[in-house]
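Novice: Here the sequence shown stands for residues 26 to 164, where the numbers follow this note's numbering. The structure's right below; bear with me while I get my questions together.
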Amino acid sequence: MSEPIWNKFLTERDKAVFATSGYGARGGFGKRPALLIIDVNYAFCDERPVPILESIKRWRNSCGEDAWVAMPYLKALIDKAHAKGVPVIYTTGVRREDNWDSGSWNWKNSRSDEDRSSRPATNVDGNDIVAEIAPAPQD
Numbered sequence: 026m027s028e029p030i031w032n033k034f035l036t037e038r039d040k041a042v043f044a045t046s047g048y049g050a051r052g053g054f055g056k057r058p059a060l061l062i063i064d065v066n067y068a069f070c071d072e073r074p075v076p077i078l079e080s081i082k083r084w085r086n087s088c089g090e091d092a093w094v095a096m097p098y099l100k101a102l103i104d105k106a107h108a109k110g111v112p113v114i115y116t117t118g119v120r121r122e123d124n125w126d127s128g129s130w131n132w133k134n135s136r137s138d139e140d141r142s143s144r145p146a147t148n149v150d151g152n153d154i155v156a157e158i159a160p161a162p163q164d
């Protein structure tokens, strides 16, 4: 088995600490694994593959076209989870109209007022999960 990619960043002391403390064993899937699909929504992906610097003009949190490169891989992973009976759980954001519940998003992004004042020029809710990987009835 090959060495984890992050091992090349560990010092000899780090490696000794892991070995001596007993950490570093494979965790496996446990008895009840689940697949978490976190925030793969239009606000993070845009509605189509668009270069990121263009996409963030409309959706400030967008990953641009890179999100769409990942989409077929996510779909394959979700399909495999369904085939194996592994639960698939999706997360996305939901905000109050007055944006009171935005927490630290208010102060860590200079464009957070856009959440209250305007919506991107689209009929799509940014918090909707991207249709290509949308939850199935069992999710």
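The C-beta atom is built at its ideal place from N, Cα and C for all residues, glycine as well.
Looking at Val155: is its Cβ nearer than 8 Å to the Cβ of Cys70?
Specialist: yes
Novice: Report the partner residues of Thr116 according to the DSSP bridge assignment.
Specialist: Ile63
Novice: For the alpha helix (DSSP H) that Thr2 lies in, which residues bound it at each end?
Specialist: Within the shown structure, residues of the chain are numbered from 26 to 164, placing residue 2 beyond reach of any answer.
Novice: Determine contact between the segment 87-99 and the segment 122-130, defined as no fewer than three beta-carbon pairs at a distance below 8 Å.
Specialist: no
Novice: Considering only their Cβ atoms, is the gap separating Leu99 from Ile62 smaller than 8 Å?
Specialist: Their beta carbons are under 8 Å apart, which means Ile62 touches Leu99 by this criterion.
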